[in-house]
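Sequences listed follow chains A and B, in order.
Under my numbering, the residues of the first sequence are numbered 1 to 290, in order.
Under my numbering, the residues of the second sequence are numbered 291 to 580, in order.
Glycine included, each C-beta is placed from N, C-alpha and C at the ideal position.
All values derive from a computational prediction rather than experimental measurement.
2 protein chains.
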Amino acid sequence: MKTHFDCITCMLNGLISLFKQGLIEEKYQETVIKEVLAYYANIDFSQSPLLTNRNLHRVIRKIANNPDPYKKLKDNMNKEAVKYCEKYKDIVLKSDNPLDKALRIAVAGNVIDFGPGHSIEIEKNIEKLLNEDFVIDDSQELFNDLKKVKNILYLGDNTGEIVFDKLFLEVIGRNDITFVVRNSPILNDATMEDVKFFGIDKLVNVMTNGDDAPGTLLEFTSPEFKEIFDKADLIISKGQGNFEGLSEIKNKNIYFLLMIKCHIIANSVGLKNGDYIVKSALKNKDFAIK
Amino acid sequence: MKTHFDCITCMLNGLISLFKQGLIEEKYQETVIKEVLAYYANIDFSQSPLLTNRNLHRVIRKIANNPDPYKKLKDNMNKEAVKYCEKYKDIVLKSDNPLDKALRIAVAGNVIDFGPGHSIEIEKNIEKLLNEDFVIDDSQELFNDLKKVKNILYLGDNTGEIVFDKLFLEVIGRNDITFVVRNSPILNDATMEDVKFFGIDKLVNVMTNGDDAPGTLLEFTSPEFKEIFDKADLIISKGQGNFEGLSEIKNKNIYFLLMIKCHIIANSVGLKNGDYIVKSALKNKDFAIK
Numbered sequence: 001m002k003t004h005f006d007c008i009t010c011m012l013n014g015l016i017s018l019f020k021q022g023l024i025e026e027k028y029q030e031t032v033i034k035e036v037l038a039y040y041a042n043i044d045f046s047q048s049p050l051l052t053n054r055n056l057h058r059v060i061r062k063i064a065n066n067p068d069p070y071k072k073l074k075d076n077m078n079k080e081a082v083k084y085c086e087k088y089k090d091i092v093l094k095s096d097n098p099l100d101k102a103l104r105i106a107v108a109g110n111v112i113d114f115g116p117g118h119s120i121e122i123e124k125n126i127e128k129l130l131n132e133d134f135v136i137d138d139s140q141e142l143f144n145d146l147k148k149v150k151n152i153l154y155l156g157d158n159t160g161e162i163v164f165d166k167l168f169l170e171v172i173g174r175n176d177i178t179f180v181v182r183n184s185p186i187l188n189d190a191t192m193e194d195v196k197f198f199g200i201d202k203l204v205n206v207m208t209n210g211d212d213a214p215g216t217l218l219e220f221t222s223p224e225f226k227e228i229f230d231k232a233d234l235i236i237s238k239g240q241g242n243f244e245g246l247s248e249i250k251n252k253n254i255y256f257l258l259m260i261k262c263h264i265i266a267n268s269v270g271l272k273n274g275d276y277i278v279k280s281a282l283k284n285k286d287f288a289i290k
Numbered sequence: 291m292k293t294h295f296d297c298i299t300c301m302l303n304g305l306i307s308l309f310k311q312g313l314i315e316e317k318y319q320e321t322v323i324k325e326v327l328a329y330y331a332n333i334d335f336s337q338s339p340l341l342t343n344r345n346l347h348r349v350i351r352k353i354a355n356n357p358d359p360y361k362k363l364k365d366n367m368n369k370e371a372v373k374y375c376e377k378y379k380d381i382v383l384k385s386d387n388p389l390d391k392a393l394r395i396a397v398a399g400n401v402i403d404f405g406p407g408h409s410i411e412i413e414k415n416i417e418k419l420l421n422e423d424f425v426i427d428d429s430q431e432l433f434n435d436l437k438k439v440k441n442i443l444y445l446g447d448n449t450g451e452i453v454f455d456k457l458f459l460e461v462i463g464r465n466d467i468t469f470v471v472r473n474s475p476i477l478n479d480a481t482m483e484d485v486k487f488f489g490i491d492k493l494v495n496v497m498t499n500g501d502d503a504p505g506t507l508l509e510f511t512s513p514e515f516k517e518i519f520d521k522a523d524l525i526i527s528k529g530q531g532n533f534e535g536l537s538e539i540k541n542k543n544i545y546f547l548l549m550i551k552c553h554i555i556a557n558s559v560g561l562k563n564g565d566y567i568v569k570s571a572l573k574n575k576d577f578a579i580k
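What follows is the structure, encoded as structure tokens:
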């Protein structure tokens, strides 16, 4: 996926929202935004917005003298998500099809993104997905694969959301899966700190991908990650960032589990913002972000 | 008024909208947006957004090799506005209080801004203002002044909109008023070409302010305009751009007639987007954009 002009205003709005929430000190704001504008004035638009965003946030964190501007928001998300997970865990375990229910809750959890006040959204989305169809639903293929394949990689996405991934992992019931997060803070993406907060490291193998893009850009990931990625028989990829980075790979058994949140991506794959999908990369290989 | 961070994304969204409508050739788009970003990376944020916008659009027009990107939209607006004016002229002339009705229609006309497809908006807004109160209403003071003062300046705003100003001028019934527009194309603001299209030059005195900011920045206007401005006993200022430039002037008999269209201005003066006002600058002098 290339960087579109709309990606610039999207990113700037995100940055200005950080300013308004006081998450970047006022004394740094003008310098930060000017550096960001100067960066965009010189970018190669054929680059992925994941890369642009990664580089930009490196600039922001450095100039704002703040290694993790989203820390407070992320901590709030984690605490909120735990609350909801307790409630839905009970529903999953008592249901006729815990695997299906846990998958639905994990995908619904992808609604968690930026900013506080999402509690009603989380509940609303989970309730919706517990009762409605996914817009694309390859979940049966995923469930079949989960029973028969060996090397499973699970690419996490956002803080908070990963507690629902944990619930799904618990129901899958295998401890030989590898759960992956970003190497260091970027936006509200989950890192190893969040993995440990939820104790996912006690359930399955955990690792970082060695990079701080808000998605998976294979060429920048660590050799250790690349090796495990190459060997994987099944990859569960959560969220739009991972989908952006991997959507053009045609020969890996990847399942993309996400909510569509960007109109450019939505248009590109013929979906709408807010659509939830469970999509096998091997089925309909033309389904990729242009 | 200083340039806010939100002004950047507002302006960029406007530019991207021009791209999407094909009003700037695709081959120039990347260079244009990069120049605009580079410009913003170096601005003085204490400057008025009117000035920032003026300079930016000079850059855009030059790089896009297009002296008037909004030409097509403006021509459409003019044609549409004529249609509606015919209808409302009849209502005004048959009413018990033509001056009040014509003022209401002139202020409602300020809804005309950017892009096509505004016809329903225009009708809806005129109907609304014919029957509802202004949020701030100093129109009685304006009507009193119109009867007794000598030198009247009328600062126009947008293409299309000025046909409703013409109707108001017809009802005022004085040919010694001076109607003013921008000196050359900027956004969808009216210029002398539009004044002539509607024949306003046959009704009253007309002139440009000598500048191409999308509002009135006195320090950049021509000596001829400044002289007439200084002498004016009454100034009717249409639209947000003129209000932005003149709102801090405390000792001129200015009446601001406009629809509030920007949340920063709305917050600054304690109003809401979409509010219509007829505001005397001499009454409550603290009413100025900070």
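Contacts with chain A at 8 angstroms (Cβ-Cβ) do not include A371 of chain B. Following the DSSP letters along the chain, one finds S307 of chain B inside the alpha helix (DSSP H) bounded by residues 295–310.
In this structure, DSSP gives T342 of chain B a helical state, which the three-state scheme calls helix. In terms of Cβ geometry, S48 of chain A and E248 of chain A do not form a close pair [threshold 8 angstroms].
When secondary structure is reduced to three states using DSSP, M1 of chain A falls in the coil class, being assigned neither helix nor strand. DSSP places L443 of chain B inside the beta strand (DSSP E), whose first and last residues are 442–445. In terms of CA proximity to V36 of chain A, A:G14 leads the group A:S46, A:G22, A:G14. Secondary structure at Y70 of chain A: coil, using DSSP grouped into helix, strand and coil. Going by beta carbons, N158 of chain A and T178 of chain A fall outside the 8 angstroms limit. When secondary structure is reduced to three states using DSSP, K279 of chain A falls in the strand class.
Bridge pairing for Y545 of chain B: B:I526, B:S570 [DSSP]. Within the region 72–135 of chain A, the runs of alpha helix (DSSP H) at least 4 residues long that lie entirely inside it are, in chain order, 98–108, 119–131. The DSSP-derived three-state label of T31 of chain A is helix. Per DSSP, F487 of chain B lies in no beta strand (DSSP E); the unbroken alpha helix (DSSP H) holding it starts and ends at 482–488.
H57 of chain A counts as buried, since at least 16 other C-beta atoms from the protein chains shown sit within 10 angstroms of its C-beta. For N478 of chain B, there is no enclosing beta strand (DSSP E), since its DSSP letter is neither H nor E. Taking one beta carbon from each stretch, the region 418–428 of chain B and the region 507–526 of chain B have fewer than 3 pairs nearer than 8 angstroms; the two do not touch.
Its Cα nearest to that of K310 of chain B, the residue A:D6 stands out among A:D6, A:K72, A:I120.
Residue pairing by DSSP places T506 of chain B opposite no residue, since no beta bridge is assigned to it. For E320 of chain B, the residues of chain A that pass the 9 angstroms Cβ criterion are F5, F45, in the order they occur in the chain.
The alpha carbon of F168 of chain A has as its nearest neighbour, out of A:D275, A:S139, A:N42, the alpha carbon of A:S139. At a cut-off of 8 angstroms, the C-beta of A41 of chain A has a neighbouring C-beta in chain B. The region 310–319 of chain B makes contact with the region 354–373 of chain B, as at least three CB pairs between them are under 8 angstroms. For the pair S512 of chain B and G531 of chain B, the CB atoms are not nearer than the 8 angstroms cut-off.
Proximity of L302 of chain B to chain A, defined by a Cβ-Cβ separation below 8 angstroms, is satisfied.
The three-state secondary structure of N158 of chain A, taken from DSSP, is strand.
When C-alpha distances from L340 of chain B are compared across B:D479, B:D523, B:G560, the shortest belongs to B:D479. Rounded to the nearest whole angstrom, the C-alpha separation of V349 of chain B and V322 of chain B is 8 angstroms. Among the bridge pairs identified by DSSP, N205 of chain A is matched with A:T178.
By the neighbour-count criterion, in which a residue is buried when 16 or more other Cβ atoms sit within 10 angstroms of its Cβ, K89 of chain A is buried. With contacts defined as CB atoms closer than 8 angstroms, D145 of chain A and K238 of chain A fail to qualify as a contacting pair. N400 of chain B places its beta carbon 8 angstroms or farther from that of E460 of chain B.
With 16 or more other Cβ atoms from the protein chains shown falling within 10 Å of its own Cβ, D212 of chain A counts as buried.
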